[in-house]
Amino acid sequence: MTIEKVNLKDAFASFSDHWSPKIAGDINDAQVKLAKFEGKFDWHHHDHEDELFLVVAGTMRMGLRTGDVDVGPGEFIIIPRGVEHCPEGLDGECHVLLLEPKTILNTGNVVTEKTVTELDRL
């Protein structure tokens with residue numbers, strides 16, 4: 001087994017598409033994913049999975065039915081299962097590290113043009 005480190009700056013520079021998470025690593029039954037957000041995503045929820053969104057660069061607005069939360073570099077937000085949410089990259093591109101179960105579908109309970117069923121691995 002080879003143990004490798006991940007340089008986030010280099011990893012984010014290796015892709016340019018938005019709303020298409022890339023697998024950066026596996027940890028137990030979860031995955032560390034990197035994604036670039038730009039503009040608004042789709043409202044959705046996950047019936048069985050919690051999600052962690054850690055902003056690396058830029059600013060993300062997490063739309064919540066109870067009120068929006070802006071998340072800046074070095075900050076994270078955890079969305080519990082069942083909570084409807086809508087991520088948005090503010091002021092251009094936002095780089096986000098996600099920690100979520102391997103079973104998760106990026107658009108949760110809905111299927112849209114942003115749904116990604118087969119994730120690329122960095």
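Just so you know, we're using UniProt numbering here: the sequence shown kicks off at 1 and counts up by one. Glycine included, C-beta positions come from ideal geometry on N, C-alpha and C. Computed from a prediction, not measured in an experiment: that's the story for all the values here.
Judged by their CB atoms, residue 88 and residue 63 are nearer to each other than the 8 Å cut-off. In the DSSP assignment, the residues bridged to residue 89 are 39, 60.
In the structure shown, the three-state DSSP call for residue 9 is helix. The Cβ neighbour count for residue 110, taken over all protein chains shown within 10 Å, is under 16; the residue is labelled exposed. If the five residues before and after residue 21 are omitted, its C-beta is found closer than 8 Å to the C-beta atoms of 33, 34, 35, 98, 106, 116, 119, all from its own chain and listed in chain order.
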